[in-house]
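Student: So that you can map any letter, position 65 of the sequence shown is 170 in this note's numbering, and since no number is skipped, the others follow by simple counting.
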Amino acid sequence: MSDSDLSMYELTGTRTSPQRMHVDTEDASFEIGRDVNPVEYFLGSILGCLNSTGTMVARDMGIDVEELEVTIEGGVNYATYLGEDSRTVRDCRGSK
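This is the structure in structure tokens:
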């Protein structure tokens with residue numbers, strides 16, 4: 106696969122606070138940390154990929170997808186990369 110076969114995306118992020126990042130895309134902009142945190146955006150992007158990929162595969166197979174509901178779950182142990190006891194480290198929302 107060559108680079109010409111890929112759909113390329115370029116995003117630019119600007120830090121607005123320790124918990125927020127303003128992101129500009131070609132067609133839109135959003136702020137990580139205002140509505141959801143980075144982990145939730147990441148998990149949401151996986152759901153978006155499952156939806157678009159599933160839709161394309163279904164179309165190629167002649168299947169009409171009328172609705173789709175998917176649940177995804179992910180966890181982060183912030184203490185792991187800080188080298189601290191996980192009971193003492195707060196997440197990006199300030200919760201333990």
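From the three backbone atoms N, C-alpha and C, an ideal C-beta is built for every residue, glycine too. From a predicted model like this one, the values you see are computed outputs, not experimental measurements.
Can you give me the Cβ contacts of G167 inside the same chain, cut-off strictly under 7 Å, excluding the 5 residues immediately before and after it?
Tutor: none
Student: The beta strand (DSSP E) with M126 in it runs from where to where?
Tutor: R125 to D129
Student: Could you pull out every residue in the same chain whose Cβ sits closer than 8 Å to the Cβ of D169, ignoring the five residues on either side in sequence?
Tutor: A163
Student: Measure how close the beta-carbons of D132 and T117 come, nearest whole angstrom, since I'm counting them as under 8 Å.
Tutor: D132 to T117, Cβ: 13 Å. No contact.
Student: Using the Cα positions of I177 and L152, report the straight-line distance between them to the nearest angstrom.
Tutor: 7 Å
Student: Under the rule that 16 or more other beta-carbon atoms within 10 Å means buried, what is G138, buried or exposed?
Tutor: buried
Student: Roughly how many whole angstroms lie between the Cα atoms of H127 and T119?
Tutor: 5 Å
Student: Return the chain-ordered ranges of every alpha helix (DSSP H) run that is complete within the segment 117-179 and spans a minimum of 4 residues.
Tutor: DSSP runs (the alpha helix (DSSP H)) wholly in the segment 117-179: 143-165.
Student: With G179 and V144 assumed to form a contact (beta carbons below 8 Å), what rounded beta-carbon distance in angstroms separates them?
Tutor: 6 Å
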